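Quick note: the sequence shown uses my numbering, first residue 4, plus one each step. For reference, the structure is listed below as structure tokens.
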Amino acid sequence: MAGWVNRENNVPKYQRIYQKHDGLRLWEKSRGKWMVPAYKVVLFTSFGCSMYMMGRLVLGHKTWFGKN
């Protein structure tokens with residue numbers, strides 16, 4: 004635990020990044036360029052899989068593939 008005591012304080016660095024008055028929202032900054040598309044892929048994939056399985060359950064199939 005001694006490493007946590009004498010650790011560098013990164014709060015001012017992050018405050019400069021996040022509180023910069025550049026007119027951009029947090030998701031429009033550099034990290035958001037790859038985080039938002041990854042989030043959308045996960046969101047729409049899970050939604051599509053849910054719709055697929057709901058349709059199969061309506062038809063009476065309880066597995067992903069096949070007739071059972």
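Built from N, CA and C at the ideal position, the CB exists for glycine as well. This structure is a prediction, so every number in the text was calculated from the model and none was measured.
The residue among W37, G63, F68, A41 with its C-alpha nearest the C-alpha of C52 is F68.
Annotation: F50 to H64 spans about 19 angstroms, alpha carbon to alpha carbon.
When the alpha-carbon of R19 is set against those of L60, A41, K32, the nearest one is in K32.
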